[in-house]
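Just so you know, the sequences run in chain order A and B. All letters in the first sequence, in the order written, are residues 1 to 458 by the working numbering. All letters in the second sequence, in the order written, are residues 459 to 916 by the working numbering. The C-beta atom is built at its ideal place from N, Cα and C for all residues, glycine as well. Bear in mind that the values here come from a model prediction, so they are computed numbers and not experimental data.
Protein chains: 2
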Amino acid sequence: MSELDQFYNNSSLSTDFYELTMASAYFSSHQTDKLAIFEMYVRRLPKNRNYLVVAGLKHVIDFLLNLKFKTEHINFLKTHDIFKRSEEKFFDYLLNFKFTGNLWAVPEGSIIFANEPIIRIEAPIIEAQIVETFILSVVNFQTLIASKASRIVNASCGTPVIEFGFRRAHGPLAALLASRSSFIAGCLGTSNTLASYEFGIPSNGTMAHSFIMSFEDEESAFKEFIKIFPDGFLLVDTYDSIKAVKKIIQNKIKCKGLRLDSGDLVKLSKDIRKLLDDEGYYSTKIMASGDLNEYIITDLKNKKAPIDFFGVGTELTTSRDEPVLNGIYKLVAIKQYSKTKNKYEIFYKMKTSINKISYPGPKQVFRFEKNNHIIKDIIALEDEKIDNATPLLFQYLKDGKLIQKLPTLFEIRKYHQKQIALLSERFKKISNEKVEYPVFLSKKLKKIMKELQKNEST
Amino acid sequence: MSELDQFYNNSSLSTDFYELTMASAYFSSHQTDKLAIFEMYVRRLPKNRNYLVVAGLKHVIDFLLNLKFKTEHINFLKTHDIFKRSEEKFFDYLLNFKFTGNLWAVPEGSIIFANEPIIRIEAPIIEAQIVETFILSVVNFQTLIASKASRIVNASCGTPVIEFGFRRAHGPLAALLASRSSFIAGCLGTSNTLASYEFGIPSNGTMAHSFIMSFEDEESAFKEFIKIFPDGFLLVDTYDSIKAVKKIIQNKIKCKGLRLDSGDLVKLSKDIRKLLDDEGYYSTKIMASGDLNEYIITDLKNKKAPIDFFGVGTELTTSRDEPVLNGIYKLVAIKQYSKTKNKYEIFYKMKTSINKISYPGPKQVFRFEKNNHIIKDIIALEDEKIDNATPLLFQYLKDGKLIQKLPTLFEIRKYHQKQIALLSERFKKISNEKVEYPVFLSKKLKKIMKELQKNEST
């Protein structure tokens, strides 16, 4: 879990400041025993997305298991004027803070849709509140990238996609997490060496223009590279792609593949394939790169460009056409111990702001399948019985402890392959037309919402 | 420098895999003594941007000073089949690797334009090559966000902007670096507690809807919060913003400010301001948030919405309208020692691929001012003398050692304020119309380009 070590070391401060002021206010208003249930979900799917691929749960769990306040963090908080009325007991509470709650979640690699809870947390309210920002940050981003990668992989129709986006990702950690999410969603490898070291994702790479330019001529660069890397790919567009391929053939340089990084990829790949085949270079592969995305790949496929590998960078690791997943983390219920009744009572909670309402109560998603395809989901209260459907959320943490072994990255990837196979082709088509998957609310949930709205308006 | 510790610890692997295969090929082709000069720059400004605000240099320098290969990293590389022909001497070289080169850069907080080198590195070719990916990743992202933040600050015309984007940033490190870049470009504070801890940026925060909802009624939540945080801001849109303000007034709750997070911000802020003023709540401020960006803020300003603070999150920390800065790192020259001449000879390098040419030679940017405004830049060779102009690049590292004290974040912010004041208003206007700042190439540079292109085509 070293990739986020820095953040686990300072995890208590890797949060929005208001989580900590609210914690203090919960504390001073004697709410430490109150249990809160929060759910993370996405209100609307991003534009150009018909489904989401869940990713990031591993980092949520690592975070919750490691979360603690160090003395220097507490001293730092005390330097803020705003905390001057906070009790010393509150800071003692923080010093002994540990996440003791329960966590349910949809497994990484799953397909989900708008309004479906991805994560549900039940914990003492301060604990459940403080963890909000970090959870949103890691799940929003990794789900965003896995969902984008899924589209790119769909568009490539079986041609392998390699993730090449480190240099344009939002910093080195975003690059690392993007490699992981892309691999879950079906990319074959990454250019990111650290992602390979940390996660075991196959590392790939060819050469840069600078390598070619550092030699006096292109053919010397090719020869020197192939001498030591006989399985290497040669970059041919530093000066002129066609001329470069001719030089390779004339000099009888054997190479596993070529990379095209600019120009008209349809025409170039066809011309180059012909040049290669005419000279018996049948096994030499063509890789294409250079601001590729699902639309360009679809076009290359439609025009039958003979490309054997797609290297996709910028557009993938930034999810360029929609770089935001608006996942939110909303209070759905409060559980309070009633001494008279000698048990916990649950109070459903619902936000009713204009265009921003939330669905109350702890929920489960029930999914229906028919003929090996998923056909509809019902969002219901977690304790409802829905026949002939599979629940999507599983419990991972109980009283702050991990209760099931987490899958490896390779298992997650495999699980995703099975999940995506259950999704009908119409959701995978690359077009800007939205195809809506049917998601319904259970009758019971709708009834509760009506009641809560009525109460609010009175 | 702890925010990137994890990456400095594994810095040698936080790179594209091809940098390492190229390193091995440079090594085996006996090029270790060859000096390479690389420059980082942006070929075209992103859409909706008339200028860039440079950020990220501190992390480049920290990275170069800390870069090393650990035994476990080298062992990891050896597990790759592709390295099977690499000499053992190459791995010994890596084990003793240190960055020994020179670095020139435009200071953080500077304004720059397309094609102007932001960073220039001169080092033995393997060193200069290996550092490419990390440098691009940290400078591309931080410059992207500083440039976006600058637009948002311009649009706000003096009304303070607080950065609220942690939960939608591309993971927790992106959130942290985005806070830093936003502060450089003029934001007043951040919601990110870790950014406050690491960088000293003022931390800000109000409360979440969940805090309100956790109480039986809204007024109890307000009262409890203000009891402990008399300087707190109250969030009023959980149910109905106007009703919430009326409750505050009826209950005589004194608060420093209110936050509006949804609805028609123009109408609501005006109606609420009137409600407050009518009851003598003159000093109670109004903060607005909720998917704000430079366009919405311009509209709010035009419509004279009485808003005292803007909280800007998602759109800022993802640079949503253009989440990519296409900074590149290109070889511009090779320096080789000539035994016969007993000195280094320089060979200018230039890439001529279609639409992707690069400018040769080590360069400097010379900027002209008139009447306290910057009026034009000339990109020239570094050793050219250009009268009446200020050079933008300074040397920071010499033979791998820091030769000048780096400014603090507060000094960078101040420097930026002076720089942005030199930029004419027409570049700062929020519209989708591009306003082009005049950037010219020196005659000498143009002559060299012509010669190199001629040589290439022969």
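Under 7 Å between C-beta atoms of HIS531 (chain B) and LEU478 (chain B) | HIS531 (chain B) places its beta carbon 7 Å or farther from that of LEU478 (chain B).
Rounded straight-line distance, which links the Cα of GLY769 (chain B) to that of PRO438 (chain A) = Each residue's alpha carbon lies about 35 Å from the other.
Might you give, ordered along the chain, the residues of its own chain that have their beta carbon closer than 6 Å to the beta carbon of GLU752 (chain B), omitting 5 neighbours on each side?
-> Hits under 6 Å: ARG609, ILE610, ALA613 and ILE888.
In its own chain, which residues sit with a C-beta less than 6 Å from the C-beta of GLN336 (chain A), not counting the 5 before and 5 after it?
-> Once the five neighbours on either side are set aside, the close Cβ partners of GLN336 (chain A) are LYS34 and GLU345.
Leaving out five residues on either side along the sequence, give the residues of the same chain with a beta carbon under 7 Å from the beta carbon of SER181 (chain A).
-> In its chain, beyond the 5 residues on either side, ALA55, GLN142, ILE145, ALA146 and ALA149 have a beta carbon closer than 7 Å to the beta carbon of SER181 (chain A).
Determine the chain A residues that contact HIS874 (chain B) at a beta-carbon separation under 7 Å, and present them in chain order.
-> Going along chain A, no residue has its Cβ under 7 Å from HIS874 (chain B), so there is no contact; the nearest lies around 20 Å.
Any chance the CB of SER196 (chain A) is under 6 Å from a heavy atom of the ligand HEM?
-> As presented, the structure is devoid of all ligands, the ligand HEM included, so that no description of it is given.
State the DSSP-derived secondary structure class of LYS450 (chain A), mapped to helix, strand or coil.
-> Collapsing the DSSP output to three states places LYS450 (chain A) in a helix.
With a 10 Å radius around its C-beta and 16 neighbouring C-beta atoms as the bar for buried, classify LYS788 (chain B) as buried or exposed.
-> Burial check for LYS788 (chain B): the Cβ neighbour count within 10 Å reaches 16 or more, so the residue is buried.
For the beta strand (DSSP E) that contains LEU441 (chain A), what are its first and last residues?
-> Boundaries of the beta strand (DSSP E) harbouring LEU441 (chain A): 439-441, taken from the DSSP string.
Pull up the distance between the alpha-carbon of PRO391 (chain A) and that of GLN453 (chain A), whole angstroms please.
-> C-alpha separation (whole angstroms): 27 Å.
Is any beta-carbon of chain A found at less than 7 Å from that of PHE657 (chain B)?
-> Taking Cβ atoms only, chain A never reaches closer than 7 Å to PHE657 (chain B), which makes this a no.
Residues that GLN489 (chain B) contacts on chain A, provided the C-beta gap is smaller than 9 Å = Under the 9 Å cutoff, chain A gives SER214, PHE215 and GLU224.
Going along the chain, which residues of its own chain have a beta-carbon closer than 7 Å to the beta-carbon of LYS351 (chain A), five neighbours each way excluded?
-> Excluding five sequence positions before and after LYS351 (chain A), the CB atoms of its chain that fall closer than 7 Å to its own CB belong to LYS330, ILE357 and SER358, given in chain order.
Taking C-beta pairs closer than 8 Å, name the residues in chain A that PRO630 (chain B) reaches, listed in chain order.
-> Those within 8 Å of PRO630 (chain B) in chain A are LEU4, PHE7, SER14, PHE134, SER137, VAL138 and LEU173.
Does the segment 27-44 of chain A come close enough to the segment 112-126 of chain A that 3 or more CB-CB pairs lie under 8 Å?
-> Three or more beta-carbon pairs drawn from the segment 112-126 of chain A and the segment 27-44 of chain A are found closer than 8 Å, and the two stretches are therefore classed as touching.
Helix, strand or coil at ILE833 (chain B) [DSSP, three-state] | Correct three-state label for ILE833 (chain B): strand.
How about PHE83 (chain A) and GLY400 (chain A): do their beta carbons lie closer than 7 Å?
-> Going by beta carbons, PHE83 (chain A) and GLY400 (chain A) fall outside the 7 Å limit.
If you run the structure through DSSP and keep just helix, strand and coil, what is VAL435 (chain A)?
-> DSSP, read as helix, strand or coil, puts VAL435 (chain A) in coil.
Taking one C-beta from the segment 43-58 of chain A and one from the segment 83-92 of chain A each time, how about it: are there three or more such pairs within less than 8 Å?
-> As far as the Cβ criterion goes, the segment 43-58 of chain A does not touch the segment 83-92 of chain A, which means the pair count is below three.
How would you write the range of the alpha helix (DSSP H) that LEU522 (chain B) sits in, first residue to last?
-> It spans 515-524 - the alpha helix (DSSP H) in which LEU522 (chain B) sits, taken as one unbroken run.
Rounded C-alpha distance that separates TYR805 (chain B) from ARG44 (chain A) = Residue identity check: residue 805 (chain B) is Phe in the sequence provided, not Tyr. Their Cα atoms are separated by approximately 55 Å.
Pick out the complete alpha helix (DSSP H) segments inside the segment 3-29 of chain A, 4 residues or longer, and give them in chain order.
-> As summarised for the segment 3-29 of chain A, the continuous alpha helix (DSSP H) elements at least 4 residues long and confined to that stretch are 5-9 and 17-28, given in chain order.
Reference MET22 (chain A), options A:PHE366, A:GLU132, A:SER191 and A:ASN302, closest by Cα = Of the candidates A:PHE366, A:GLU132, A:SER191 and A:ASN302, A:GLU132 places its Cα closest to the Cα of MET22 (chain A).
Distance between LYS247 (chain A) and THR775 (chain B) (C-alpha atoms, nearest Å) | Going from the Cα of THR775 (chain B) to the Cα of LYS247 (chain A) covers about 46 Å.
Which of helix, strand or coil does DSSP assign to VAL139 (chain A)?
-> Under the three-state reduction of DSSP output, VAL139 (chain A) falls in the helix class.
Rounded Cβ spacing between ASN813 (chain B) and ARG167 (chain A) (contact assumed at less than 8 Å) = About 19 Å separates the two Cβ atoms, so there is no contact after all.
Kindly indicate which three-state DSSP category LYS246 (chain A) falls into: helix, strand or coil?
-> LYS246 (chain A) falls in the helix class under three-state DSSP.
Taking the continuous alpha helix (DSSP H) assigned at ILE130 (chain A), which residues delimit it?
-> Unbroken alpha helix (DSSP H) run through ILE130 (chain A): 125-130.
For PHE622 (chain B) and PHE69 (chain A), the rounded distance between their alpha carbons = C-alpha of PHE69 (chain A) to C-alpha of PHE622 (chain B): approximately 22 Å in a straight line.
Are GLY738 (chain B) and ASP719 (chain B) closer than 7 Å when you measure CB to CB?
-> Contact: no.
7 Å Cβ cutoff, PRO781 (chain B) in contact with chain D = The chain labelled as chain D is not found among the protein chains of the depicted structure, namely A and B.
Give the straight-line distance between the Cα atoms of MET459 (chain B) and THR537 (chain B), rounded to the nearest whole angstrom.
-> Residue placement at MET459 (chain B) cannot be trusted, given a pLDDT of 41 that sits under 50; what the coordinates show is reported in the next sentence. Each residue's Cα considered, the two are about 32 Å apart.
Which runs of the beta strand (DSSP E) fall wholly inside the segment 606-662 of chain B and span at least 3 residues, in chain order?
-> If we require 3 residues or more, the beta strand (DSSP E) runs fully inside the segment 606-662 of chain B come out as 619-621.
Limits of the unbroken alpha helix (DSSP H) element including MET213 (chain A) = Per DSSP, MET213 (chain A) belongs to the alpha helix (DSSP H) from 209-213.
What do you get for VAL619 (chain B), buried or exposed, if any count of 16 or more other CB atoms within 10 angstroms of its CB means buried?
-> Result: buried.
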